[in-house]
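**Q** Got a structure for you, written out below as structure tokens; questions coming shortly.
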Amino acid sequence: MTRTIDDLLEDAAVSVAGNPRFDVGAALRRLAADAGRSSVSPSVHLAGAARAGRQLSTVCRWAINAPSAPADISRLADAPARGTQGEFDEDGAAVFACLLFLTGHPESAQFWWQLSAGAGNRIAAYCLHLHHLALGEHREAAHWRHEVTAVTPKAAESTRSSWTV
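Mapping the sequence shown onto the numbering used here, position 150 (from 1) lands on 156, and the numbers just tick up by one.
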């Protein structure tokens with residue numbers, strides 16, 4: 007006997023009345039109890055993320071208050087007008103990213119930090135490390151920490167940064 011599609015759909019009807027024996031309150035209490043049995047306290051991760059956020063704000067304030075910050079931003083802004091298409095000021099990009107971060111645009115700041123860190127700016131890489139820690143993204147944070155601490159020819163050459171402590 008071959009069944010038609012209508013016969014199959016008739017048997018597949020789902021009751022919309024629900025299960026009258028299901029206790030929503032009890033289910034929520036069970037979920038809350040299970041969440042309380044977590045092996046890692048979320049407060050440890052939250053405290054670390056908050057600390058990284060504060061450190062990032064401090065580094066950004068330090069960067070935009072550096073004596074060379076206005077000149078760095080100026081070089082970044084004036085490059086297209088000067089016709090220097092192949093030239094990129096990674097210090098200016100890092101300062102600009104810090105300005106974006108402090109004014110509430112973390113996604114845009116992340117873009118400029120990545121651009122600057124890719125060009126060899128270790129301050130931008132450190133900002134990315136802190137940014138990802140603040141977001142709880144530990145794998146990405148570890149990558150940028152490695153970029154800060156790794157000794158590469160590009161990093162050795164980029165010690166000219168005028169951001170001195």
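For each residue, glycine too, the CB sits at the ideal point set by N, CA and C.
Values in this document were obtained by computation on a predicted structure and should not be read as measured data.
Who are the Cβ neighbours of Gly98 in its own chain at under 7 Å, not counting the five residues just before and after it?
**A** Within its own chain, the residues whose Cβ lies closer than 7 Å to the Cβ of Gly98, once the five positions on either side in sequence are excluded, are Asp78, Ile79, Arg81, Leu82, listed in chain order.
**Q** Measure how close the beta-carbons of Val173 and His135 come, nearest whole angstrom, since I'm counting them as under 8 Å.
**A** The structure shown does not extend to residue 173, since the chain spans only 7 to 171, so no value can be given for it.
**Q** Note down the Cα distance separating Ala125 from Ala55, rounded to an integer number of angstroms.
**A** 27 Å
**Q** Within this structure, are the beta carbons of Trp118 and Phe94 separated by less than 8 Å?
**A** With a cutoff of 8 Å on beta-carbon distance, Trp118 and Phe94 are scored as not near each other.
**Q** Distance, Cα to Cα, Ala123 vs Arg145?
**A** Going by the C-alpha atoms only, they are around 17 Å apart.
**Q** First and last residue of the alpha helix (DSSP H) that includes Leu134?
**A** 128-140
**Q** Hey, quick one: how far does the alpha helix (DSSP H) through Arg151 stretch, first residue to last?
**A** 144-155
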